[in-house]
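K.L.:
Can you keep this structure in mind? I'll have questions shortly.
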Amino acid sequence: MLPPQSSTGPSGNPSVSRVSEEGRTCSSFRDKILTGNSLPGLTLGHGTPVLAGTLPKPILRVQPDSVVPEQTTVTFFCEGFTGAQEYHLYKMGYFRHTEIPANPNNKAEFSIKKISRHEAGQYTCRYWTRNRWSGYSDYKELVVTGAYSEPSLLAQPSPVVTEGGEVTLQCVSRQPYYKLILTKEGPQEYSWILDSEYDRSTGKYQALFPVGSVTSRQRWIFRCYSFDSNQPLVWSEPSEPLELLFSGTHHKPTIKAEPGTVVASGSPMNISCQGTQDAEMCFLHKEGSHQSWGTQTQKKSGNKSTFSIPSVADYSGGQYRCYCYSSAGWSERSDTLDLVVTGLYDNKPRLTALTSTVVTSGGNMTLMCVSQDRYDKFIVTKEDQKFLSSLNSQYNHSIGQYQALFSIDHVTPNHTGTFRCYGYYQQRPQLWSVPSEPLEIHISGLSLKPTLLTHQGYILDPGKSLTLQCFSDINYDRFVLYKVGETDITQLYGQRTHAGLSLANFTLGSVSHSTGGQYRCYGAHNLSSEWSASSDPLDILITGQFSFTPSISVKPSSAVQSGDNVTLLCQSIYTSDTFILSKEGATDQPQRIKAKSQNWKFQAEFSMSPVTTALSGTYRCYSSRHSSPYLLSHASAPVELSVSGHIGASSPPPPRPLPTAGLQMYLKALIGVSVAFLLLLSILIFLLLRRRHQRKFRKDAQKGTELQLPAGDAEPVTRERGRKKRSNPAAAIQEESLYASVEDMKPEDEVKLETSLQRTSAEDSQGETYDQMKDSRLRRAEAVQPSVMSREIPETKDEQAEEDRETDTQAVEFEEPHDVVYAQLCSRSLRQGTAAPPPSQEGEASEEPSVYAALAVARPGPVPNNDDQ
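Numbering that gives the first Met the number 0 puts the first residue of the sequence shown at 0, with every later residue one more than the last.
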């Protein structure tokens with residue numbers, strides 16, 4: 000309690016007396032709250048009266064503020080008269096602290112650490128000099144916040160106001176029957192207190208604070224609190240600060256979305272606001288919002304403030320503007336930034352080019368966006384940015400779908416790139432469907448887009464080294480590597496190769512989870528600030544970021560034939576949003592398929608229909624989640640797929656039809672070749688037969704010359720088993736005469752001769768027998784008469800051919816040679832000559848032997864002729 004004036008020192012027990020103007024002593028009292036004005040006069044010890052207020056009252060200040068949250072250290076400063084020896088601090092009239100400076104000083108500090116709600120209240124102080132107390136300082140209220148949950152503060156209709164305008168601030172609390180207080184921060188602080196009222200529409204308690212005549216010469220920052228009327232200095236947590244925004248006259252800032260204004264739901268993004276150099280801070284405001292989205296102090300590097308949105312959602316879509324403030328006042332508001340959130344509707348439209356995806360520069364192009372869902376409007380983007388104005392959807396009865404046609408006249412190189420289309424509803428124009436599949440449009444004669452690739456693969460284990468290579472056949476002076484979702488870029492000068500390419504190698508070092516993402520690269524010339532078209536995106540995936548491992552299997556078998564249907568099945572019992580299939584050594588990016596939940600498992604089927612030998616190899620699968628699509632699980636166990644080149648009977652390849660003209664030419668050629676082959680075969684057979692017949696003729700002629708008769712003797716004759724027609728009449732007559740002569744011989748001689756010949760023929764297994772008849776009267780054989788030769792050899796060609804044919808026929812008819820030799824014998828002399836046959840040839844019918852008996856007469860005498868016989 001505040002002590003009264005005392006006649007003794009501060010360490011004694013003073014006697015307090017209240018005296019009247021007449022000097023009478025009043026009853027003493029203690030523990031009473033007194034103010035400086037309530038003490039018109041004091042009496043010191045021994046009844047010495049003094050005038051009150053002879054010492055100046057001290058000044059009490061508090062730091063860091065008179066409104067502080069719980070657990071804050073608060074310091075009270077009591078500043079008095081020079082030479083003060085002791086200071087006292089009081090709360091609500093009760094003594095709390097004493098401070099005795101080491102040396103007489105005019106200031107004392109009272110610190111309260113980790114203040115609580117019980118420390119809230121009114122504070123005052125006074126000081127003691129040599130023999131008297133000073134008066135009490137003015138009261139200082141200390142408010143402690145954090146006792147209740149915070150209310151919310153909104154500006155109606157908007158925190159953006161005009162010079163001298165009015166605005167209504169709405170403080171909303173969940174605490175019933177509490178009072179609400181609105182405070183203004185800054186050099187001119189003040190506050191308003193209102194009772195809360197129940198709003199049936201929201202089910203909350205609120206108070207409306209009208210604020211008028213606002214000007215841009217100062218900042219208007221407000222907060223609101225709630226408190227219990229029984230504890231007016233114990234407040235709730237403060238609301239978020241609300242600052243009124245002005246559109247001033249200074250240079251307007253630049254607003255930009257990174258990576259773009261069309262963002263997929265769940266993706267991170269940044270909105271930057273760049274003001275002038277003297278701008279102190281910038282504010283971001285979304286149209287229709289009752290409070291600003293954030294306040295950022297502008298960084299000196301780049302004069303830019305960045306507002307981050309970790310994960311965009313449906314409420315993130317809308318129109319944004321930024322405002323900047325400096326000591327000179329407010330800037331103009333920035334241009335409007337339309338932020339679109341995609342992927343909120345699952346019905347994917349389809350984008351096609353009606354003519355071709357390759358268009359000549361200066362020509363016309365029409366893109367058609369089609370969907371089964373009844374969207375109100377369709378819109379086309381290029382490189383994920385708005386490119387064409389939206390169009391109303393129209394129902395096409397022929398295809399039973401909704402569509403819109405986007406016509407582009409006089410295309411230029413700027414139209415080269417990737418296009419997509421979206422659908423949306425008119426009530427929510429900043430919320431779009433999932434995008435269509437990308438459509439690449441190329442302008443003929445242009446090849447500005449570089450290529451980005453990696454030699455280490457798209458899927459990497461942590462710790463592996465990674466280098467990305469950006470190259471082009473255009474002579475770019477420098478290349479830039481950009482990771483989607485980040486603001487920093489990496490730039491390198493290009494190098495020329497012997498093949499005429501310009502390239503740059505971006506070494507990223509050992510990879511980690513932060514390396515995973517989507518990369519693009521660009522090319523540029525030194526004399527131009529424009530970049531080339533973006534390279535195709537390259538996804539870098541990091542494995543081992545989840546503790547589980549999926550499994551992979553092959554259906555129907557890991558060993559199949561070309562043309563069969565194969566399905567690779569990836570499964571996991573742990574939550575997985577996407578499965579990734581990787582082939583060892585493949586140059587293409589791995590396949591991704593959204594996981595499906597079935598039988599308490601997550602799975603995805605990668606179909607390969609039909610397979611070829613190029614699909615043979617080792618496969619693995621991984622799983623990922625939507626929250627981090629570039630971070631993968633551990634790899635599954637490898638599975639080997641073997642595709643043989645032979646196509647089985649179960650799946651024969653479809654016949655390849657030949658054109659009609661080609662079939663006719665093919666048939667003609669086949670017929671010609673067949674005729675030529677048959678003709679050559681016939682000629683060959685004819686030549687072989689003729690050669691064989693000629694050899695037989697020469698053999699027969701040789702045999703005839705070896706058996707000769709003397710002049711006038713009879714000609715020997717060989718009679719074959721088969722009937723042989725002789726074409727030479729003279730020879731036939733001679734043969735008959737020889738036969739007749741033999742008939743006149745003695746029976747015993749004939750029997751001897753025939754028996755001898757038949758025995759010799761039986762001993763010869765090859766069918767050729769030559770019997771040599773020996774007699775004591777036989778003499779040396781003589782040469783055959785020329786007349787005999789003339790009757791045996793000369794034959795015409797026709798006769799020879801006919802004889803050859805008959806000989807061939809006879810050779811087939813008989814199997815065993817049984818020859819009967821007839822000879823004309825003379826009693827005085829008998830000579831026999833036998834022509835030695837050539838060796839028998841394998842595979843040919845054996846020839847019958849020709850035996851000629853030469854008869855010689857010891858005494859001269861004529862040979863009997865046919866008439867004598």
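Don't be surprised by glycine CBs; every beta carbon is placed ideally from N, CA and C.
These numbers were taken from a predicted model, which means no experiment stands behind them.
Answer with buried or exposed for tyrosine 176, where buried requires no fewer than 16 other C-beta atoms within 10 angstroms of its C-beta.
P.N.:
Taking the first residue of the sequence shown as 1, we reach residue 176 at position 177. With fewer than 16 Cβ atoms within 10 Å of its Cβ, tyrosine 176 is classed as exposed.
K.L.:
Quick one: give me the first and last residue of the beta strand (DSSP E) that isoleucine 269 is part of.
P.N.:
Here residue 269 refers to the residue found at position 270 when the sequence shown is read from its first residue. Note on residue identity: the sequence assigns asparagine, not isoleucine, to residue 269. Where asparagine 269 is concerned, the enclosing beta strand (DSSP E) stretches over 268-273.
K.L.:
Checking 8 angstroms against the spacing of the C-beta atoms, do valine 340 and valine 433 come in under that value?
P.N.:
Indexing the sequence shown from 1 puts residue 340 at position 341. Indexing the sequence shown from 1 puts residue 433 at position 434. Against a cut-off of 8 angstroms, the Cβ pair of valine 433 and valine 340 comes out as no contact.
K.L.:
Let's see if you can read the secondary structure: which residues bound the beta strand (DSSP E) around serine 310?
P.N.:
Position 311 of the sequence shown, counted from the first residue, corresponds to residue 310. Element bounds for serine 310: n/a, residue is neither H nor E.
K.L.:
On a Cα-Cα basis, can you pick out the residue from Arg218, Asp198, Pro555 that is closest to alanine 206?
P.N.:
Position 207 of the sequence shown, counted from the start, is the residue given in the question as residue 206. Ranking the options by Cα distance to alanine 206, first place goes to Asp198.
K.L.:
Of all the options Val483, Phe605, Leu580, Pro158, which has the alpha carbon lying nearest to the alpha carbon of asparagine 564?
P.N.:
Sequence index remark: in the sequence shown, residue 564 carries index 565 (1-based). Selected option, being the one with the closest Cα: Phe605.
K.L.:
If you pair each beta-carbon of the region 73-81 with each one of the region 55-64, do three or more pairs fall below 8 angstroms?
P.N.:
Yes, they touch.
K.L.:
With distances taken Cα to Cα, identify the nearest neighbour of glutamate 85 among Ile458, Gln62, Arg129, Leu459.
P.N.:
Taking the first residue of the sequence shown as position 1, residue 85 is located at position 86. Of the candidates Ile458, Gln62, Arg129, Leu459, the one whose C-alpha sits nearest the C-alpha of glutamate 85 is Arg129.
K.L.:
Got a sec, what are the start and stop residues for the beta strand (DSSP E) aspartate 535 sits in?
P.N.:
Numbered from 1 along the sequence shown, position 536 holds the residue referred to as residue 535. Per DSSP, aspartate 535 belongs to no beta strand (DSSP E) and is neither H nor E.
K.L.:
Taking 8 angstroms as the threshold (C-beta atoms), are proline 258 and serine 333 in contact?
P.N.:
Translated into positions along the sequence shown, residue 333 becomes position 334. Translated into positions along the sequence shown, residue 258 becomes position 259. Their beta carbons are not under 8 angstroms apart, which means serine 333 does not touch proline 258 by this criterion.
K.L.:
Can you check which of these residues, Trp431, Lys600, Phe208, is closest to glutamate 196 by C-alpha distance?
P.N.:
For this step, residue 196 is matched to residue 197 along the sequence shown. The residue with the shortest Cα to Cα distance from glutamate 196 is Phe208.
K.L.:
Threshold first: 3 residues or longer. Then list the beta strand (DSSP E) segments lying entirely within the region 386-415, N to C.
P.N.:
With a minimum length of 3 residues, the continuous beta strand (DSSP E) runs that stay inside the region 386-415 are 393-395, 400-407.
K.L.:
Is it true that the CB of threonine 506 sits closer than 8 angstroms to the CB of threonine 466?
P.N.:
As a position in the sequence shown, residue 466 is number 467, starting the count at 1. As a position in the sequence shown, residue 506 is number 507, starting the count at 1. Closer than 8 angstroms, so yes.
K.L.:
When the Cα atoms are used, what is the spatial distance from serine 643 to asparagine 269?
P.N.:
Counting from one through the sequence shown, the residue named residue 643 turns up at place 644. Counting from one through the sequence shown, the residue named residue 269 turns up at place 270. So the two alpha carbons sit approximately 53 angstroms from each other.
K.L.:
Measuring only the C-alpha atoms, how far is histidine 396 from glycine 671?
P.N.:
For the purposes of this step, residue 396 is taken as residue 397 along the sequence shown, with counting starting at 1. For the purposes of this step, residue 671 is taken as residue 672 along the sequence shown, with counting starting at 1. Near 59 angstroms, if we compare the C-alpha coordinates of glycine 671 and histidine 396.
K.L.:
Are the C-beta of proline 175 and some C-beta of chain E separated by less than 8 angstroms?
P.N.:
The chain labelled as chain E is not found in the depicted structure, where only one protein chain is given.
K.L.:
Considering only C-alpha positions, which residue in the set Phe405, Thr542, Phe418 is nearest to leucine 390?
P.N.:
Position 391 of the sequence shown, counted from the start, is the residue given in the question as residue 390. Comparing Cα positions, the closest option is Phe405.
K.L.:
Pick helix, strand or coil for lysine 870, following the three-state DSSP scheme.
P.N.:
With the chain covering 0 to 868 only, the question about residue 870 has no answer from this structure.
K.L.:
Give the straight-line distance between the Cα atoms of cysteine 420 and leucine 540, rounded to the nearest whole angstrom.
P.N.:
If you number the sequence shown from 1, residue 420 lands on position 421. If you number the sequence shown from 1, residue 540 lands on position 541. Between cysteine 420 and leucine 540, the C-alpha separation is close to 27 angstroms.
K.L.:
With H, G and I counted as helix, E and B as strand and the rest as coil, what does DSSP make of threonine 248?
P.N.:
Residue 248 sits at position 249 when you count from the first residue of the sequence shown. Coil at threonine 248, not helix or strand.
K.L.:
Run through DSSP, which three-state label would threonine 365 get?
P.N.:
Along the sequence shown, read from residue 1 onward, the residue named residue 365 stands at position 366. Three-state DSSP puts threonine 365 in a strand.
K.L.:
Between the alpha carbons of phenylalanine 221 and tyrosine 138, how many angstroms are there, rounded?
P.N.:
Residue 221 sits at position 222 when you count from the first residue of the sequence shown. Residue 138 sits at position 139 when you count from the first residue of the sequence shown. Spanning the two alpha carbons is a distance of roughly 25 angstroms.
K.L.:
Let me make sure I understand the geometry here. Which of Leu666, Ala594, Thr611 has the alpha-carbon closest to that of alanine 893?
P.N.:
Residue 893 lies beyond the residue range present for the chain, which begins at 0 and ends at 868; the question has no answer from this structure.
K.L.:
Classify isoleucine 220 as helix, strand or coil using the three-state DSSP reduction.
P.N.:
Taking the sequence shown and counting its residues from 1, the one referred to as residue 220 is at position 221. Correct three-state label for isoleucine 220: strand.
K.L.:
Would DSSP call leucine 677 helix, strand or coil?
P.N.:
As a working mapping, residue 677 is identified with position 678 in the sequence shown. Reduced to three states, the DSSP call for leucine 677 is helix.
K.L.:
Quick one: Cα of threonine 275 to Cα of alanine 523, how far?
P.N.:
The count along the sequence shown starts at 1 and reaches residue 275 at position 276. The count along the sequence shown starts at 1 and reaches residue 523 at position 524. Threonine 275 and alanine 523: Cα-Cα distance of roughly 29 angstroms.
K.L.:
Beta-carbon separation of serine 271 and lysine 255 under 8 angstroms?
P.N.:
Taking the first residue of the sequence shown as 1, we reach residue 271 at position 272. Taking the first residue of the sequence shown as 1, we reach residue 255 at position 256. Yes, the pair counts as a contact, with Cβ atoms nearer than the cut-off.
K.L.:
Less than 8 angstroms between the C-beta atoms of glycine 342 and glutamine 429, yes or no?
P.N.:
Along the sequence shown, one-based indexing puts residue 342 at 343. Along the sequence shown, one-based indexing puts residue 429 at 430. Cβ distance not < 8 angstroms, so glycine 342 and glutamine 429 don't count as in contact.
K.L.:
Find out if the Cβ-Cβ distance for the pair leucine 502, glutamine 468 is shorter than 8 angstroms.
P.N.:
Position 503 of the sequence shown, counted from the first residue, corresponds to residue 502. Position 469 of the sequence shown, counted from the first residue, corresponds to residue 468. The answer is yes: Cβ separation under 8 angstroms.
K.L.:
Name the two residues that bound the continuous beta strand (DSSP E) containing valine 67.
P.N.:
Start at 1 with the first residue of the sequence shown, and residue 67 comes out as number 68. Where valine 67 is concerned, the enclosing beta strand (DSSP E) stretches over 66-68.
K.L.:
In or out: tyrosine 324 buried (at least 16 other Cβ within 10 Å) or exposed?
P.N.:
As a working note, residue 324 is residue 325 in the sequence shown. Answer is buried; the Cβ neighbour count reaches 16.
K.L.:
By the 10 Å Cβ neighbour count, where 16 or more other Cβ atoms means buried, how is threonine 566 classified, buried or exposed?
P.N.:
Within the sequence shown, numbered from 1, the residue matching residue 566 stands at position 567. When all chains shown are included, threonine 566 counts as exposed.
K.L.:
Check the C-beta distance from glutamate 162 over to phenylalanine 245 and give it rounded, since I have them as a contact under 8 angstroms.
P.N.:
Residue numbering aside, residue 162 sits at position 163 when the sequence shown is read from its first letter. Residue numbering aside, residue 245 sits at position 246 when the sequence shown is read from its first letter. That belief holds up - the Cβ atoms of glutamate 162 and phenylalanine 245 are roughly 7 angstroms apart, short of 8 angstroms.
K.L.:
Under 8 angstroms: do the region 363-375 and the region 454-464 share three or more Cβ pairs, one atom per stretch?
P.N.:
With a cut-off of 8 angstroms, the region 454-464 and the region 363-375 do not count as touching, because too few Cβ pairs lie within range.
K.L.:
Within this structure, are the beta carbons of serine 615 and leucine 640 separated by less than 8 angstroms?
P.N.:
In the sequence shown, residue 615 corresponds to position 616, counting from 1. In the sequence shown, residue 640 corresponds to position 641, counting from 1. It is a contact, given that the beta carbons lie within the stated cut-off.
K.L.:
Once DSSP output is grouped into helix, strand and coil, what is the label at glycine 444?
P.N.:
Taking the first residue of the sequence shown as position 1, residue 444 is located at position 445. With a pLDDT of 43 at glycine 444, under the threshold of 50, the modelled position of this residue cannot be trusted; read the value that follows with caution. If DSSP states are grouped into helix, strand and coil, glycine 444 belongs with coil.
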